[in-house]
Amino acid sequence: MEKLALEDFTKYKFISNTKFSPDGKNLAFVVSEMDVDENKYLSNIWLYNVDNKTINKLTTFNQESSYLWLDNENIIFSTVREEKDKKRKEKGEPFTIYYIINIKGGEAQKYFELPFFASDIEPISKDKFVVTGIYDPKYKNLESLSKEEKEKELDKLKEEKDYEVLDEIPFWSNGRGFTNKKRNRLYIYTLKDKKITPITDELTNVEGFKLNKGKDLMLFISNTFKDKMEIRSDLYLYDLKKESFEKLTHEDPFNYVYADFLKEKIIFLGSNMKEYGINENPKFYLMDLQTKEVKQIQTDFDYSTWSSVGSDCRYGSNSEFKVENDYLYFETTEYGNSFINRIDEKGKREKLTTQSGSVDGFDVFKDRIIFVGMRDVKLQELYELAGNEERQLTTFNEWIMKEKTLSKPERITFLGKGEIEIEGWVMKPVNFEENKKYPAILDIHGGPKTVYGGDVFFHEMQYWANEGYVVMFCNPRGSDGRGDEFADIRGKYGTIDYEDIMDFVDKVLEKFSFIDENRIGVTGGSYGGYMTNWVIGHTDRFKAAVSQRSIANWISKFGTTDIGYYFVEDQQAATPWSDYEKLWFHSPMKYADNVKTPTLFIHSEEDYRCWLAEGLQMFTSLKYNGVESKLVMFRGENHELSRSGKPKHRVRRLKEITAWFDNYLK
Numbered sequence: 001m002e003k004l005a006l007e008d009f010t011k012y013k014f015i016s017n018t019k020f021s022p023d024g025k026n027l028a029f030v031v032s033e034m035d036v037d038e039n040k041y042l043s044n045i046w047l048y049n050v051d052n053k054t055i056n057k058l059t060t061f062n063q064e065s066s067y068l069w070l071d072n073e074n075i076i077f078s079t080v081r082e083e084k085d086k087k088r089k090e091k092g093e094p095f096t097i098y099y100i101i102n103i104k105g106g107e108a109q110k111y112f113e114l115p116f117f118a119s120d121i122e123p124i125s126k127d128k129f130v131v132t133g134i135y136d137p138k139y140k141n142l143e144s145l146s147k148e149e150k151e152k153e154l155d156k157l158k159e160e161k162d163y164e165v166l167d168e169i170p171f172w173s174n175g176r177g178f179t180n181k182k183r184n185r186l187y188i189y190t191l192k193d194k195k196i197t198p199i200t201d202e203l204t205n206v207e208g209f210k211l212n213k214g215k216d217l218m219l220f221i222s223n224t225f226k227d228k229m230e231i232r233s234d235l236y237l238y239d240l241k242k243e244s245f246e247k248l249t250h251e252d253p254f255n256y257v258y259a260d261f262l263k264e265k266i267i268f269l270g271s272n273m274k275e276y277g278i279n280e281n282p283k284f285y286l287m288d289l290q291t292k293e294v295k296q297i298q299t300d301f302d303y304s305t306w307s308s309v310g311s312d313c314r315y316g317s318n319s320e321f322k323v324e325n326d327y328l329y330f331e332t333t334e335y336g337n338s339f340i341n342r343i344d345e346k347g348k349r350e351k352l353t354t355q356s357g358s359v360d361g362f363d364v365f366k367d368r369i370i371f372v373g374m375r376d377v378k379l380q381e382l383y384e385l386a387g388n389e390e391r392q393l394t395t396f397n398e399w400i401m402k403e404k405t406l407s408k409p410e411r412i413t414f415l416g417k418g419e420i421e422i423e424g425w426v427m428k429p430v431n432f433e434e435n436k437k438y439p440a441i442l443d444i445h446g447g448p449k450t451v452y453g454g455d456v457f458f459h460e461m462q463y464w465a466n467e468g469y470v471v472m473f474c475n476p477r478g479s480d481g482r483g484d485e486f487a488d489i490r491g492k493y494g495t496i497d498y499e500d501i502m503d504f505v506d507k508v509l510e511k512f513s514f515i516d517e518n519r520i521g522v523t524g525g526s527y528g529g530y531m532t533n534w535v536i537g538h539t540d541r542f543k544a545a546v547s548q549r550s551i552a553n554w555i556s557k558f559g560t561t562d563i564g565y566y567f568v569e570d571q572q573a574a575t576p577w578s579d580y581e582k583l584w585f586h587s588p589m590k591y592a593d594n595v596k597t598p599t600l601f602i603h604s605e606e607d608y609r610c611w612l613a614e615g616l617q618m619f620t621s622l623k624y625n626g627v628e629s630k631l632v633m634f635r636g637e638n639h640e641l642s643r644s645g646k647p648k649h650r651v652r653r654l655k656e657i658t659a660w661f662d663n664y665l666k
C-alpha cells in the first residue's frame with residue numbers, strides 16, 4: 001500500500017442531495033469531484049434503482065448539482081449550457097435556467113427560465129412551482145425590458161460595480177458577497193403563461209418552505225428587517241387557493257429552525273434563545289392547524305438537530321429533515337457522532353442509526369432510508385438502513401482503503417476541571433515504530449459548537465499521519481453533542497476551553513511517551529484559529545503554529561464581519577459600549593506581545609465571517625514584536641477555503657501548512 005499523498009484528496013468523490021422519486025423506485029443523488037486543471041468542481045446527477053440495485057450516471061455536463069423530481073420519470077435541474085446563455089451570465093444578467101431529463105434516456109431539454117437566481121424550488125403541479133430566489137432591487141425591472149433595452153441596462157449596472165451603497169446590517173455575507181437590500185424572496189411561477197407572482201415583500205428573507213400533501217397549503221419561515229437584522233424569525237401559513245397569509249409566530253423573539261405538516265398538525269422546532277443564547281439547542285413543538293394551540297413535545301431533548309461532525313471531505317448540500325410515515329426524521333449530533341432519528345406527534349423519539357461516524361444527509365420513502373455516511377474512517381458512501389443494519393450501496397471511494405495507508409484514531413477520555421469528561425483522539429503516524437520519538441500536531445476544531453469524531457475521515461489529519469506526525473484533537477467545553485450546558489461558553493472564551501485543550505495535551509503526553517514534547521505544533525480554523533491565537537499568547541509549549549481564518553480582536557470583529565454585531569454580543573456577553581474591557585480581555589491580540597511561537601496565518605480575501613482584518617491584526621502584532629511569522633492570503637476564497645475552496649487553492653493551503661510545520665518540528 002502507498003502513503004496517502006497531499007494531492008489525493010483531489011481524486012475523492014463527494015456525495016450529496018439525496019432524493020427519492022415520488023414512487024420511491026429510484027433515488028437520485030449528486031456526485032462531485034475536482035478538476036484541478038480547470039480549478040473547479042464537477043457535479044453530476046446519479047440514480048440508484050431500488051429494485052434492481054443498480055447505480056447509473058444520469059447527467060454528464062459536470063454542472064448539475066441542484067435538481068428536483070417533477071414526477072416518477074422526469075428530473076429538472078438548473079444549469080447553463082448554451083453559449084448565448086453563458087454570455088448573458090458573463091454580462092451579469094441574473095437568471096436561472098431549468099432543463100428536464102427523462103431517467104429512461106434521451107437528451108436534456110430546456111424547460112423554463114426564471115429572471116433571478118433561484119435557490120429552492122418545488123412543484124405544485126407539472127406547470128406550477130413554488131420557488132425562492134434572490135431579489136435584488138437593482139434588477140427588479142429587468143425582465144420587462146426588450147433584449148436591446150436589457151443590454152443597455154446591464155451596461156449601466158456594470159458601471160455601478162465600482163460602488164457599493166450600504167444602508168443596513170449585515171451588508172455582506174460569507175460566500176455571497178455584498179447583500180445589502182438583497183432578499184431570498186418567495187414566488188409562485190406558472191409555466192403556461194410564464195407568470196411570476198411574488199408572495200413575500202421586498203424586505204423579507206425566506207429561510208425555507210414546505211408544501212402539504214395536498215399542495216394547497218404552504219408553511220414558510222422568514223425574517224423581515226430594515227436597517228438591522230435581528231436574530232429571530234416568523235412562521236407563516238399560506239393558502240395557495242385563497243392566496244392568503246396567516247402569521248403563526250407563537251412567541252417573539254423565536255428562532256424557527258424547521259416546520260412541516262404532520263398529519264393534521266404542524267410540527268416545528270426552534271428556540272427562544274432565552275437560556276443559552278443564539279446557539280441554544282432547539283425544542284420540538286406541535287401546533288393544531290385549526291385552533292393554533294401550541295404544545296412542546298419531547299421536553300427533555302437537548303441535542304442539536306443537524307450534523308456538526310467536522311470533516312474536510314464534503315461538498316454539496318444535503319437534507320437534514322423529512323416528514324414521512326407520520327414521523328419527522330432528523331439528525332442529531334451526540335458526542336463525536338451524528339445519527340438519524342425520528343419523532344412522532346406524541347414526542348416519542350427513536351434513534352434509528354447507532355453506528356459511530358457521521359450522517360451527511362438522507363432521504364426517506366415509506367420504510368426505506370438511504371443516507372450519505374462516513375463510517376470506519378472511510379470517505380462518503382451511500383448506505384441503506386434496513387432495521388438496525390446498515391448496507392453500503394456504493395464504492396466510489398473504496399480505493400482509498402485498498403491502496404492507501406491510513407491511521408485509525410484512538411479515543412481517550414479524562415476528567416477536566418469540574419470533573420467534566422473530555423473526549424479526544426490520537427492518531428499514530430503510519431508505519432509507527434514503538435521506540436521512536438515523533439513530532440505532533442494539535443488540531444482545534446471550529447465553531448465552537450461543532451465536534452470532531454474518531455470514525456470520520458479527515459484528509460489533512462490522515463496526510464500528516466502519513467508524513468510522520470502524531471495528530472491529536474479533542475472536543476473541549478463549547479463543543480456540540482453534549483447538551484446546552486456543555487456547549488455554553490458565552491463570556492468564557494479562552495478560559496475553560498483553553499484549560500480543557502491544555503489538559504488534553506498533558507494527558508496525551510502522559511499516555512503516549514513516543515511524542516516528542518519539544519516538537520509539538522498547533523493549528524485550527526475559525527474558532528480553532530481564535531484558539532490558536534489565544535494559545536500562543538498564553539504558552540510557549542508549542543514550537544510552531546498555523547492560525548487559519550482566525551479572530552484576533554472581538555471589537556473589530558463586532559463592526560466588520562457578517563455575523564459580528566450579534567455573534568459578539570451573544571458569545572462574549574458584551575458590546576464595545578457595554579464592556580469594551582471584557583471584549584479586549586478575550587481578544588488574542590491583547591496578549592500578542594507575549595508570543596514567542598513562529599506562526600503562519602492563512603486567510604481568504606473574501607472571508608466575511610472572520611474577515612481578513614483579523615488575520616492582518618495578529619500578523620502585524622507578531623511582526624511588530626519580532627516574532628517569526630508569515631501570512632498567506634487567498635484571493636477569490638472565503639471562510640470555506642479548507643472545505644470547498646478551489647482545488648488548486650486547497651492544495652496550496654495544505655502545502656503551506658505542512659511546510660511550516662516541517663520547518664519547525666522536523
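Position 433, counted from 1, in the sequence shown is what UniProt numbering calls 433; the numbers after and before it change by one each time, with no gaps. Using N, Cα and C, we set each Cβ at its ideal position, and we do this for glycine too. This structure is a prediction, so every number in the text was calculated from the model and none was measured.
Within the same chain, and ignoring the five residues on either side of SER338 in sequence, the residues whose Cβ sits closer than 6 Å to its Cβ are SER307, VAL309, GLU331, SER358 and VAL359. Using a Cβ distance threshold of 9 Å, TRP660 and LYS630 count as a contacting pair. Between PHE601 and VAL364, the C-beta spacing is not below 9 Å. Using a Cβ distance threshold of 9 Å, PHE542 and LYS437 do not count as a contacting pair. Counted as a single uninterrupted DSSP element, the stretch harbouring TRP554 is not any beta strand (DSSP E) but the alpha helix (DSSP H) occupying residues 554-560. A distance below 6 Å between beta-carbons, with the five flanking residues on each side excluded, links GLU246 to the following residues of its chain, in chain order: LEU237.
PHE301 places its beta carbon 9 Å or farther from that of MET273.
If you ignore the 5 residues before and after SER222, its C-beta comes within less than 8 Å of the C-beta of LEU186, THR200, THR204, ASN205, VAL206, GLU207, SER233, ASP234 and TYR236, all in its own chain and listed in chain order. Under the three-state reduction of DSSP output, ILE400 falls in the helix class.
Short of 6 Å from the beta carbon of ALA573, and not among the five residues preceding or following it, lie these beta carbons of its own chain, in chain order: ARG490 and GLY491. When VAL294, GLU320 and ASN281 are compared, the shortest CA-CA separation from TYR303 is found for ASN281. Around the beta-carbon of GLY559, fewer than 16 other beta-carbon atoms lie within 10 Å, marking it exposed.
Contact between the segment 467-486 and the segment 440-451 is established, with three or more Cβ pairs separated by less than 8 Å.
A residue is called buried once 16 or more other Cβ atoms fall within 10 Å of its Cβ, and TYR530 is buried on that count. Going by beta carbons, LEU379 and LEU393 fall outside the 9 Å limit. DSSP places LYS110 within a strand segment (E or B) once states are collapsed to three.
Secondary-structure assignment with DSSP links PHE209 through a beta bridge to PHE220. In the DSSP annotation of this structure, the continuous segment of the alpha helix (DSSP H) that includes PHE486 starts and ends at 484-487. Under DSSP, ARG391 takes part in a beta bridge, and its partners are GLU384.
By the Cβ rule, the segment 385-392 does not count as touching the segment 19-35, because fewer than three pairs are nearer than 8 Å. For GLY361, there is no enclosing alpha helix (DSSP H); the residue is found in the beta strand (DSSP E) stretching over 358-365. For TRP584, no beta strand (DSSP E) segment is defined; the enclosing uninterrupted segment is the alpha helix (DSSP H) at 580-585. Close CB contacts of PHE61 within its chain, under the 7 Å cut and outside five residues either way in sequence, are with THR79 and ARG81 (chain order). A contact between stretches requires three or more CB pairs, one per stretch, nearer than 8 Å, and the segment 253-268 fails this requirement with the segment 455-469. Closest by C-alpha distance to GLY133, out of GLY106, GLU202 and LEU191, is GLU202. CYS474 is bridged by DSSP to GLY424. Shown here, ASN625 sits in coil according to DSSP, grouped into three states, outside any helix or strand. Unbroken alpha helix (DSSP H) stretches of 4 residues or longer found wholly inside the segment 612-659: 612-624 and 641-644, given in chain order.
Separation of GLY277 and TRP554 (C-alpha to C-alpha, rounded to the nearest whole angstrom) is 18 Å. Across the structure, HIS538 and VAL595 are spaced so that their CA atoms are roughly 8 Å apart.
Following the DSSP letters along the chain, one finds PHE567 inside the alpha helix (DSSP H) bounded by residues 564-572. The beta strand (DSSP E) runs lying completely inside the segment 245-329 and spanning 3 residues or more are 255-262, 265-271, 283-288, 294-297 and 321-324, given in chain order.
Contact between the segment 646-662 and the segment 28-47 is present: three or more C-beta pairs spanning the two stretches fall below 8 Å. Excluding its 5 nearest sequence neighbours in each direction, ASN341 has C-beta neighbours in its own chain below 8 Å: TYR329, PHE330, GLU331, THR332, ARG349, GLU350, LYS351 and LEU352, listed in chain order.
Counting C-beta pairs with one atom in each stretch, the segment 111-122 and the segment 130-144 have three or more that are closer than 8 Å, which means they touch.
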